[in-house]
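Enquirer: My structure is below; once you've seen it, I'll send some questions.
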DNA sequence: CCTCCAGAATGTACGTTGTACACGAGACTA
DNA sequence: TAGTCTCGTGTACAACGTACATTCTGGAGG
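Protein chains in written order, with the numbering used here: chain S, 5 to 243; chain H, 5 to 243.
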């Protein structure tokens, strides 16, 4: 149906064979990650990455990473490798899913740009797909279906919550709105002022605690949908 | 703590008093919404909005909407008004929350750019806050705490799921990846090929069905945390 | 050693974006 | 009718991604 020819993805472009003093794809990706960690998404420009590598022009990078989207894809997949994914599902599917989701959550805490960028790119990196495969196996072993939907549900929950936290941080940094009083100032001006009383006892929950709470809610809901009398299901092994 | 002076928000800039042949803030916002509906976020440029209004230069708009972020804030709040928010909580907190979340979901379906933009802006529009106030009242009446956390949880779920769907659509449009076979082609190349067997029975669930499923999971989890023996709680009324 | 050439880095340039600034035309007030 | 305020315009700039042509360089063949 799409009339234009499809865009190219970095996964179809292997790194060019290196010579002596050449740049490396890994080096560029590392520099991009470091830059995004410290300067945020808006600081991640091709010129800045080139500058961080001591290279005078951004055009040098294009040989290695295809284009900026390619660099972003590689960065996303690189930090995805920091997520702990067991080799095999364990005894308790809840523990397995909680573990992966929490590890992803902590990774995003170290790389806040991840949540902002992941939704704009197709999630086809190898480590991302490894995580998905693990979660699918866990759900499948537990007989929880539709497994693909649940994986997407959990992944979206983690990144969505991280986005929400990022927005709160940005609100504080960019608009100076952080305290309950600040919020009341805004709320009082424009909205139903019954909001005030709720904002008064805003949750003292940390971001981590809110994350855990929502994750438990989701897992409860998934558990409630487990077909009765169906403890596990085995997959046909493939050659 | 922030050293730079905080950015200005549109909510502090009332519309300038109009004269005869002047533009209107509402007109500009409508044009922006129409443009984003048809062209997507990338098509939403100040020049394009000006062009759609028959105005020769984008600078004309700046008197009315402060800057592009201001326009986006106004657009977000304008379409938020399409969400059905009852005046008062009803009998069943689940129905109330489901209703608002579903209405928000349908609104985002009509304005896909909403999910992409809402996370980048502080949610201080009047209609957005009205929705939050209603959900807080519902949760509070039902004795479900921490209410603010649950509101954020539900809102994030809706927008996060919409983002996920948007990404799938973009994948189809931009990369030509839509069918199960396409996905397998990518998965097979780079990842654990046990993925293939799961992708084979990818969910025939529609986006709407997936949304409902996840929403029910969340509501189940929230219900499971309701303090026993605590049916409802009344708020002190305020002058 | 020198010569040569592919591979690597550079410099220049273009189109697009948001938006600052100064100007001029039109409409309301006196 | 004269003056002032409001509003739309035109020009311009910095920063972005990146296409293209050019220059540099390091290692192989003589």
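The beta-carbon is built from N, C-alpha and C at its ideal position, and this holds for glycine as well.
Going by DSSP in three states, residue 177 of chain H sits in which element: helix, strand or coil?
Expert: As a working mapping, residue 177 of chain H is identified with position 173 in the second chain. Residue state, collapsed to three classes: helix.
Enquirer: Are residue 329 of chain S and residue 161 of chain H closer than 8 Å when you measure CB to CB?
Expert: In the structure as shown, chain S begins at 5 and stops at 243. Residue 329 of chain S is therefore absent and cannot be evaluated.
Enquirer: Can you list, in chain order, the residues of its chain whose CB lies under 7 Å from that of residue 101 of chain S, leaving out five sequence neighbours each side?
Expert: As a first step, residue 101 of chain S must be located in the first chain, where it is residue number 97. Excluding positions up to five away in sequence, the list reads 139, 142, 158 and 223.
Enquirer: From the DSSP output, in three-state form, read off residue 60 of chain H for me.
Expert: Position 56 of the second chain holds residue 60 of chain H. Coil at residue 60 of chain H, not helix or strand.
Enquirer: Is residue 14 of chain S closer than 8 Å to residue 70 of chain S when the C-beta atoms are compared?
Expert: Residue numbering aside, residue 70 of chain S sits at position 66 when the first chain is read from its first letter. Residue numbering aside, residue 14 of chain S sits at position 10 when the first chain is read from its first letter. For residue 70 of chain S and residue 14 of chain S, yes; Cβs fall inside 8 Å.
Enquirer: How many Å lie between residue 129 of chain S and residue 72 of chain H at the Cα?
Expert: Sequence index remark: in the first chain, residue 129 of chain S carries index 125 (1-based). Sequence index remark: in the second chain, residue 72 of chain H carries index 68 (1-based). Distance between the alpha carbons of residue 129 of chain S and residue 72 of chain H: 34 Å.
Enquirer: Are residue 131 of chain S and residue 84 of chain S closer than 8 Å when you measure CB to CB?
Expert: By 1-based counting over the first chain, the position of residue 131 of chain S is 127. By 1-based counting over the first chain, the position of residue 84 of chain S is 80. Closer than 8 Å, so yes.
Enquirer: Mind checking residue 50 of chain S: buried by the 16 CB within 10 Å criterion, or exposed?
Expert: On the first chain, position 46 is the one that residue 50 of chain S refers to. Residue 50 of chain S should be labelled buried.
Enquirer: Helix, strand or coil for residue 145 of chain S per DSSP?
Expert: Walking along the first chain from the start, residue 145 of chain S turns up at place 141. Annotated three-state conformation of residue 145 of chain S is helix, per DSSP.
Enquirer: Since residue 34 of chain H is in the alpha helix (DSSP H), which residue starts that stretch and which ends it?
Expert: Stepping through the second chain from its first residue, residue 34 of chain H is reached at position 30. Run containing residue 34 of chain H: 29–43, per the alpha helix (DSSP H) assignment.
Enquirer: How many angstroms separate the CA atom of residue 52 of chain S from the CA atom of residue 33 of chain S?
Expert: Residue 52 of chain S sits at position 48 when you count from the first residue of the first chain. Residue 33 of chain S sits at position 29 when you count from the first residue of the first chain. Near 13 Å, if we compare the C-alpha coordinates of residue 33 of chain S and residue 52 of chain S.
Enquirer: For residue 156 of chain H and residue 127 of chain H, I'd like the C-alpha separation in whole angstroms.
Expert: Walking along the second chain from the start, residue 156 of chain H turns up at place 152. Walking along the second chain from the start, residue 127 of chain H turns up at place 123. Each residue's Cα considered, the two are about 11 Å apart.
Enquirer: Are residue 44 of chain S and residue 75 of chain S touching if we call contact CB-CB under 8 Å?
Expert: The residue you call residue 44 of chain S lines up with position 40 of the first chain. The residue you call residue 75 of chain S lines up with position 71 of the first chain. In this structure, the beta-carbon distance from residue 44 of chain S to residue 75 of chain S does not fall below 8 Å.
Enquirer: Among S:77, S:107 and S:96, which has the Cα closest to the Cα of residue 88 of chain S?
Expert: Start at 1 with the first residue of the first chain, and residue 88 of chain S comes out as number 84. The shortest Cα separation from residue 88 of chain S among S:77, S:107 and S:96 belongs to S:107.
Enquirer: Which residue comes first and which comes last in the alpha helix (DSSP H) that contains residue 117 of chain H?
Expert: If you number the second chain from 1, residue 117 of chain H lands on position 113. Residues 117–122.
Enquirer: From residue 150 of chain S to residue 19 of chain H, what does the alpha carbon distance come to, in whole angstroms?
Expert: For the purposes of this step, residue 150 of chain S is taken as the residue at position 146 of the first chain. For the purposes of this step, residue 19 of chain H is taken as the residue at position 15 of the second chain. C-alpha separation (whole angstroms): 50 Å.
Enquirer: Going along chain S, which residues have a C-beta under 7 Å from residue 168 of chain H?
Expert: Numbered from 1 along the second chain, position 164 holds the residue referred to as residue 168 of chain H. In chain order: 156 and 160.
Enquirer: In chain order, what residues of the same chain lie with their CB nearer than 7 Å to the CB of residue 154 of chain S, ignoring the 5 residues before and after it?
Expert: Residue 154 of chain S sits at position 150 when you count from the first residue of the first chain. Taken in chain order, the residues that qualify are 143, 148 and 226.
Enquirer: Taking residue 94 of chain S as the reference, give the member of S:30, S:146 and S:214 with the closest Cα.
Expert: Locating residue 94 of chain S in the first chain gives position 90, counting from the first residue. With distances taken between Cα atoms, residue 94 of chain S lies closest to S:146.
Enquirer: To the nearest angstrom, how far is it from the Cα of residue 81 of chain S to the Cα of residue 133 of chain S?
Expert: Translated into the one-based positions of the first chain, residue 81 of chain S becomes position 77. Translated into the one-based positions of the first chain, residue 133 of chain S becomes position 129. Rounded to whole angstroms, residue 81 of chain S to residue 133 of chain S spans 9 Å at the Cα level.
Enquirer: Which chain S residues are close to residue 153 of chain H, counting only those with a beta carbon under 7 Å from its beta carbon?
Expert: Here residue 153 of chain H corresponds to residue number 149 of the second chain, with the count starting at 1. 207, 209, 214 and 217, listed in chain order.
Enquirer: Secondary structure at residue 160 of chain H, three-state DSSP: helix, strand or coil?
Expert: Position 156 of the second chain holds residue 160 of chain H. Residue 160 of chain H falls in the helix class under three-state DSSP.
Enquirer: Suppose you measure from the CA of residue 115 of chain H to the CA of residue 177 of chain H; what does that come to, to the nearest Å?
Expert: Residue numbering aside, residue 115 of chain H sits at position 111 when the second chain is read from its first letter. Residue numbering aside, residue 177 of chain H sits at position 173 when the second chain is read from its first letter. Near 17 Å, if we compare the C-alpha coordinates of residue 177 of chain H and residue 115 of chain H.
Enquirer: What residue range does the alpha helix (DSSP H) around residue 227 of chain S cover?
Expert: Position 223 of the first chain, counting from 1, holds the residue named residue 227 of chain S. It spans 211–228 - the alpha helix (DSSP H) in which residue 227 of chain S sits, taken as one unbroken run.
Enquirer: For the alpha helix (DSSP H) that contains residue 103 of chain S, what are its first and last residues?
Expert: The residue labelled residue 103 of chain S in the question sits at position 99 within the first chain. Start and end: 97–114.
Enquirer: To the nearest whole angstrom, what separates the beta carbons of residue 167 of chain H and residue 123 of chain S, a pair I think is in contact under 8 Å?
Expert: For the purposes of this step, residue 167 of chain H is taken as residue 163 along the second chain, with counting starting at 1. For the purposes of this step, residue 123 of chain S is taken as residue 119 along the first chain, with counting starting at 1. That pair is a contact at about 5 Å.
Enquirer: Quick one: which chain H residues come within Cβ less than 7 Å of residue 11 of chain S?
Expert: As a position in the first chain, residue 11 of chain S is number 7, starting the count at 1. Ordered by position in chain H, the residues that pass the 7 Å Cβ test against residue 11 of chain S are 178 and 179.
Enquirer: What residue range does the alpha helix (DSSP H) around residue 81 of chain S cover?
Expert: If you number the first chain from 1, residue 81 of chain S lands on position 77. That run of the alpha helix (DSSP H) goes 72–84.
Enquirer: Measure from the C-beta of residue 226 of chain S to each C-beta in chain H and report whether the shortest distance is under 8 Å.
Expert: Start at 1 with the first residue of the first chain, and residue 226 of chain S comes out as number 222. For residue 226 of chain S, the nearest beta carbon of chain H is closer than 8 Å to its own beta carbon.
Enquirer: If you reduce the DSSP assignment to three classes, tell me which class residue 17 of chain S lands in.
Expert: If you number the first chain from 1, residue 17 of chain S lands on position 13. Note: residue 17 of chain S maps to coil in three-state DSSP.
Enquirer: Below 8 Å between beta carbons: does that hold for residue 54 of chain H and residue 48 of chain H?
Expert: The sequence position of residue 54 of chain H within the second chain is 50, counting from 1. The sequence position of residue 48 of chain H within the second chain is 44, counting from 1. No, they are not a contact pair.
Enquirer: Nearest-angstrom Cα distance between residue 209 of chain S and residue 135 of chain S?
Expert: Position 205 of the first chain, counted from the first residue, corresponds to residue 209 of chain S. Position 131 of the first chain, counted from the first residue, corresponds to residue 135 of chain S. Distance between the alpha carbons of residue 209 of chain S and residue 135 of chain S: 29 Å.
Enquirer: Can you list, in chain order, the residues of its chain whose CB lies under 7 Å from that of residue 105 of chain S, leaving out five sequence neighbours each side?
Expert: Counting from one through the first chain, the residue named residue 105 of chain S turns up at place 101. Excluding sequence neighbours, residue 105 of chain S sits near 158, 162 and 219.
Enquirer: Would you please state the rounded distance, in angstroms, between the beta carbons of residue 170 of chain S and residue 119 of chain S? I believe it to be under 8 Å.
Expert: Taking the first chain and counting its residues from 1, the one referred to as residue 170 of chain S is at position 166. Taking the first chain and counting its residues from 1, the one referred to as residue 119 of chain S is at position 115. Confirmed, Cβ separation roughly 6 Å.
Enquirer: How close, in whole Å, do the beta carbons of residue 31 of chain H and residue 57 of chain H come, if the pair is a contact with beta carbons under 8 Å?
Expert: Taking the second chain and counting its residues from 1, the one referred to as residue 31 of chain H is at position 27. Taking the second chain and counting its residues from 1, the one referred to as residue 57 of chain H is at position 53. So it is a contact: roughly 7 Å between Cβ atoms.
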